[in-house]
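Notes follow the structure.
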Amino acid sequence: GERTADADLWAGLVPACRFLGLYDASVVAHERARGLDPKISTSVEHTYFQAGRYDDVARVTESPFLLAAVAAARGDEARARLILHESAELEFEGLREFFLGALVAALEDRSDDCEERARGVMERGLRDPEALYFFARVLGRSGKVDFSLDLLEQAIARGFYSIRALELDPWLEVPRRTERFRAALACAAAGRREAVTAYRAAGGPRILGVEET
Numbered sequence: 004g005e006r007t008a009d010a011d012l013w014a015g016l017v018p019a020c021r022f023l024g025l026y027d028a029s030v031v032a033h034e035r036a037r038g039l040d041p042k043i044s045t046s047v048e049h050t051y052f053q054a055g056r057y058d059d060v061a062r063v064t065e066s067p068f069l070l071a072a073v074a075a076a077r078g079d080e081a082r083a084r085l086i087l088h089e090s091a092e093l094e095f096e097g098l099r100e101f102f103l104g105a106l107v108a109a110l111e112d113r114s115d116d117c118e119e120r121a122r123g124v125m126e127r128g129l130r131d132p133e134a135l136y137f138f139a140r141v142l143g144r145s146g147k148v149d150f151s152l153d154l155l156e157q158a159i160a161r162g163f164y165s166i167r168a169l170e171l172d173p174w175l176e177v178p179r180r181t182e183r184f185r186a187a188l189a190c191a192a193a194g195r196r197e198a199v200t201a202y203r204a205a206g207g208p209r210i211l212g213v214e215e216t
């Protein structure tokens, strides 16, 4: 029905706004979608994660990947390992299997294994900007700085302008020290400025009630 179609439209805006670093707009789009369909999946948990709103992540998701990522980002890597080992009993396929393996390897300081998992998924033609960011952060934690930067540059080239995640993610601490990272961040910042201009031109503040700056 019309309500379902409208809910789907709002849900689609959640990742679209997040990719552009428009976190507040992304959250409001989630709220509008849920207002029309209380059970709709919107991926708002990724918005909260990238914005550093870790309590909100735990409130809205049971994903072992994100819950482990939150625990690790907060410095509780023992809890992160426990969450992932408990989830490893589940069946994972495709990208999820590669990501789980890379995340566990990073947390267990098996950096070469982490890199192997990431290269395996890249060989399958990974193109999704957000997935590239997640692998980049895991590689950053493993000390594979050049590979991490390769993936970050690809993510940004594909429209990933989630500035707060790039600036604050603790697992990107080592890549952030490089000139390459600063150049990539500048590209992302320029992309986000263009996105904010387009958002305003399209009437985003009026439609969503959120002024992005």
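Count the sequence shown with this note's numbering and you get residues 4 to 216, in order. In this text, a Cβ means the ideal position worked out from N, Cα and C, and glycines have one as well. Predicted, not measured: the structure shown is a model, and the values here were computed from it.
Let's test the definition: count the other Cβ atoms within 10 Å of the Cβ of residue i and tell me whether it reaches 16, buried, or not, exposed.
i: Ala201; result: exposed
i: Lys147; result: buried
i: Pro208; result: exposed
i: Ala8; result: exposed
i: Pro41; result: exposed
i: Ala204; result: exposed
i: Ser44; result: exposed
i: Ala193; result: exposed
i: Leu152; result: buried
i: Tyr12; result: A quick correction: the sequence has Leu, not Tyr, at residue 12. Burial call: exposed.
Tell me which residues share the same chain as residue i and place their Cβ nearer than 6 Å to its Cβ, disregarding the 5 neighbours each side in the sequence.
i: Gly104; result: Arg120
i: Leu211; result: Ala28, Val31
i: Leu110; result: Glu80, Ala83, Arg84
i: Ala134; result: none
The alpha helix (DSSP H) with residue i in it runs from where to where?
i: Thr200; result: 182 to 204
i: Glu118; result: 114 to 126
i: Thr2; result: Because the chain in this structure spans residues 4 to 216, residue 2 falls outside the shown range and cannot be described.
i: Pro132; result: 132 to 144
i: Tyr57; result: 57 to 63
i: Val31; result: 26 to 39
i: Val213; result: Element bounds for Val213: n/a, residue is neither H nor E.
i: Pro173; result: Pro173 -> no alpha helix (DSSP H), and no H or E assigned at all.
i: Leu87; result: 80 to 90
i: Pro67; result: 67 to 76
i: Gly162; result: No alpha helix (DSSP H) holds Gly162; DSSP gives it neither H nor E.
i: Val107; result: 97 to 110
Taking Cβ positions only, does residue i come closer than 9 Å to chain D?
i: Val30; result: In summary, chain D is missing from the structure at hand, where a single protein chain is found.
Suppose the cutoff is 7 Å on Cβ atoms and the five residues either side in sequence are ignored; what does the same chain contact list for residue i look like?
i: Glu156; result: Ala187
i: Cys190; result: Ile159
i: Arg21; result: Ser29, His49, Thr50, Gln53, Ser165
i: Glu3; result: Only positions 4 to 216 of the chain appear in this structure, which leaves residue 3 out of reach.
Can you list, in chain order, the residues of its chain with a C-beta nearer than 8 Å to that of residue i? Leave out the 5 residues immediately preceding and following it.
i: Ala54; result: Tyr26, Arg167, Ala168
i: Val60; result: Glu48, Tyr51, Phe52, Leu69, Leu70, Val73
i: Val63; result: Val47, Glu48, Tyr51
i: Tyr57; result: Tyr51, Val73, Ala76, Arg77
If you pair each beta-carbon of the segment 135 to 149 with each one of the segment 161 to 179, do three or more pairs fall below 8 Å? yes
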